[in-house]
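**Q** Dropping the structure in here first, questions after.
Numbering (my numbering), first residue to last: 6 to 491.
Here's what the structure looks like:
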């Protein structure tokens with residue numbers, strides 16, 4: 006102790022550094038807890054204060070407006086911290102206190118994560134968010150560009166012959182600034198924007214003309230998906246144990262022998278998967294009905310959100326084509342860009358001695374770094390996906406687990422393995438064996454991840470309220486009445 010005091014007397018600056026560092030840590034912690042308070046200090050959402058989280062998204066509307074205006078880069082950068090803080094306040098300051106609605110805390114934090122990714126991209130894209138054919142926001146090039154999504158490099162087939170808007174058109178009865186901001190905010194796939202021009206666009210099976218037929222077909226799909234979600238949710242809630250409660254329970258019943266145990270866990274796993282797929286499609290159908298029926302958007306602007314993922318014959322086909330692409334840009338912002346930068350930087354440092362030999366060596370090292378950077382983009386995208394799914398689960402006030410992160414992070418090596426298989430064998434993964442490969446990854450390897458969700462109460466959450474559930478309100482009680490009681 007005396008030696009320490011002697012050192013402090015000899016070097017008084019060291020003690021001052023510790024004081025400053027403690028002050029910085031304290032203030033950072035206070036700032037963090039001001040934006041994201043502990044769970045016990047969060048405010049319950051009520052009808053009286055429900056408007057406040059909505060108003061917290063107003064800065065994001067301003068950010069979207071500026072992203073569609075030229076020469077606004079500095080304003081967007083300055084607005085970014087305030088926008089991110091406001092979105093975090095909306096997600097973490099206010100909470101659903103009823104345990105059966107705890108899943109809505111998960112949902113609002115997922116939405117916050119997506120919005121923050123948009124905020125970073127809107128703010129840090131210097132030229133602004135350009136539509137296809139634009140040289141700067143709001144101005145189209147003289148020569149119309151055509152993007153053909155049938156090309157092998159693009160994961161799709163829909164041809165955009167002109168850079169027209171493919172989303173909600175509010176300009177006829179609202180200010181242009183509002184319609185521009187709303188269009189940019191609500192689009193996730195970005196089909197009319199440059200960043201989304203290579204996003205896969207599923208073929209619509211619905212009649213695009215007349216509008217009435219499209220709306221009827223969409224309504225029919227909505228009802229079908231609603232009933233499927235209701236069926237899956239109701240079936241999961243019939244299983245005994247904690248899995249049917251908001252407190253959660255495992256899909257692996259330890260009281261069962263191995264074969265029945267994995268039959269039950271696989272059944273619950275598949276019910277969870279189909280409820281997620283049909284839930285995505287149900288919500289998207291509802292938004293499509295509003296956009297086309299109430300707003301007057303073109304039916305062709307709303308292709309399906311998924312394309313029968315259970316028919317995928319490779320993991321590449323599943324993730325790049327058949328699964329929804331709504332979060333594609335979110336994972337690119339959080340994972341692909343940082344992954345590319347990290348891998349390129351590390352490779353450049355490693356190859357620095359080689360790059361100094363000659364101009365040709367320097368060029369070659371840059372090419373290698375770029376190639377490795379592409380690998381970093383792939384791996385970073387899936388790591389971001391895993392963290393996205395897991396960190397939002399913590400909004401339900403549940404413990405953190407690495408299982409979802411590991412599952413999604415492994416999808417990068419899985420896709421690399423598929424490419425190497427094709428390179429060394431000359432054969433593309435596909436057919437029945439390819440489909441079995443997909444089923445192994447999604448129905449077997451993914452079970453620990455889904456189990457971690459159910460152990461934290463996902464299966465006991467209320468998606469379809471009992472008052473609106475045909476299964477729980479009519480069918481299940483009717484079937485129970487037919488079963489004689491002891």
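Cβ atoms here follow ideal geometry from the backbone N, Cα and C, with glycine treated the same way.
Just so it is clear, the structure is predicted and the values come from calculations on it, not from any experiment.
1. With residue 267 as the anchor, note down where its alpha helix (DSSP H) starts and where it stops.
2. Could you tell me the alpha carbon to alpha carbon distance between residue 122 and residue 370, rounded to whole angstroms?
3. Closer than 7 angstroms by C-beta to residue 101: which residues in its own chain qualify, once you throw out the five before and the five after it? Chain order, please.
4. Measuring CB to CB, does residue 280 end up less than 9 angstroms from residue 237?
5. Would you call the region 84-97 and the region 30-49 in contact, with 3 or more CB pairs under 8 angstroms?
6. Using beta-carbon positions only, say whether residue 423 and residue 311 come within less than 9 angstroms of one another.
7. So residue 141 is in the beta strand (DSSP E); what residue range does that whole segment cover?
8. Starting from the Cα of residue 300, find the closest Cα among 133, 80, 318 and 220 and give me that residue.
9. Please give me, in chain order, every unbroken run of the alpha helix (DSSP H) with length at least 4 that falls completely inside the region 375-451.
10. Specify the secondary structure class of residue 352 as computed by DSSP and reduced to three states.
11. How many angstroms separate the CA atom of residue 326 from the CA atom of residue 205?
12. Run through DSSP, which three-state label would residue 255 get?
13. Output yes or no for whether 9 angstroms exceeds the beta carbon distance between residue 81 and residue 65.
14. What do you reckon, are the CB atoms on residue 439 and residue 318 nearer than 9 angstroms?
15. Mapping DSSP to helix, strand and coil, what is residue 40?
16. Could you compute how far the alpha carbon of residue 233 sits from the alpha carbon of residue 467?
17. Could you pull the start and end residues of the alpha helix (DSSP H) that residue 225 belongs to?
18. Excluding five sequence neighbours on each side, which residues of the same chain lie with their C-beta closer than 8 angstroms to the C-beta of residue 373?
19. If you pair each beta-carbon of the region 235-250 with each one of the region 459-473, do three or more pairs fall below 8 angstroms?
20. So the alpha helix (DSSP H) residue 335 belongs to, where does it begin and stop?
21. Mapping DSSP to helix, strand and coil, what is residue 370?
22. By DSSP's criteria, residue 144 is part of a beta bridge. Which residues make up the other side?
23. Would residue 393 pass as a contact of residue 342 if the rule is Cβ separation under 9 angstroms?
**A** Reading from the atomic positions:
1. Counted from its first residue, the chain shown places residue 267 at position 262. Note, residue 267: alpha helix (DSSP H), 263-294.
2. Along the chain shown, one-based indexing puts residue 122 at 117. Along the chain shown, one-based indexing puts residue 370 at 365. Cα to Cα, residue 122 sits roughly 32 angstroms from residue 370.
3. Stepping through the chain shown from its first residue, residue 101 is reached at position 96. Correct list, in chain order: 50, 107, 109 and 110.
4. As a first step, residue 280 is located in the chain shown; it is residue number 275 there, counting from the start. As a first step, residue 237 is located in the chain shown; it is residue number 232 there, counting from the start. Cβ atoms of residue 280 and residue 237: closer than 9 angstroms.
5. yes
6. Within the chain shown, numbered from 1, the residue matching residue 423 stands at position 418. Within the chain shown, numbered from 1, the residue matching residue 311 stands at position 306. Not closer than 9 angstroms, so no.
7. Counted from its first residue, the chain shown places residue 141 at position 136. Note, residue 141: beta strand (DSSP E), 139-141.
8. Residue mapping note: residue 300 aligns to position 295 of the chain shown, counting from 1. The shortest C-alpha separation from residue 300 is found at 220.
9. 408-414, 416-430 and 436-444
10. Here residue 352 refers to the residue found at position 347 of the chain shown. Residue 352 falls in the helix class under three-state DSSP.
11. Working through the chain shown from its first residue, we reach residue 326 at position 321. Working through the chain shown from its first residue, we reach residue 205 at position 200. Going by the C-alpha atoms only, they are around 6 angstroms apart.
12. If you number the chain shown from 1, residue 255 lands on position 250. Of the three classes helix, strand and coil, the one that applies to residue 255 here is coil, per DSSP.
13. Position 76 of the chain shown holds residue 81. Position 60 of the chain shown holds residue 65. Cβ atoms of residue 81 and residue 65: not closer than 9 angstroms.
14. Translated into the one-based positions of the chain shown, residue 439 becomes position 434. Translated into the one-based positions of the chain shown, residue 318 becomes position 313. Taking 9 angstroms as the Cβ cut-off, residue 439 and residue 318 qualify as a contacting pair.
15. To locate residue 40, count along the chain shown from 1; it is residue 35. Residue 40: helix per DSSP, three-state reduction.
16. Taking the chain shown and counting its residues from 1, one reaches residue 233 at position 228. Taking the chain shown and counting its residues from 1, one reaches residue 467 at position 462. In a straight line, the C-alpha of residue 233 is about 15 angstroms away from that of residue 467.
17. Working through the chain shown from its first residue, we reach residue 225 at position 220. Per DSSP, residue 225 belongs to the alpha helix (DSSP H) from 216-241.
18. Within the chain shown, numbered from 1, the residue matching residue 373 stands at position 368. Around residue 373: 352 and 356.
19. yes
20. Here residue 335 refers to the residue found at position 330 when the chain shown is read from its first residue. Element bounds for residue 335: 333-336.
21. Along the chain shown, read from residue 1 onward, the residue named residue 370 stands at position 365. In the structure shown, residue 370 sits in a helix (DSSP, three-state: H, G or I).
22. In the chain shown, counting from the first residue as 1, residue 144 sits at position 139. Partner(s): 141.
23. Taking the first residue of the chain shown as 1, we reach residue 393 at position 388. Taking the first residue of the chain shown as 1, we reach residue 342 at position 337. Cβ atoms of residue 393 and residue 342: not closer than 9 angstroms.
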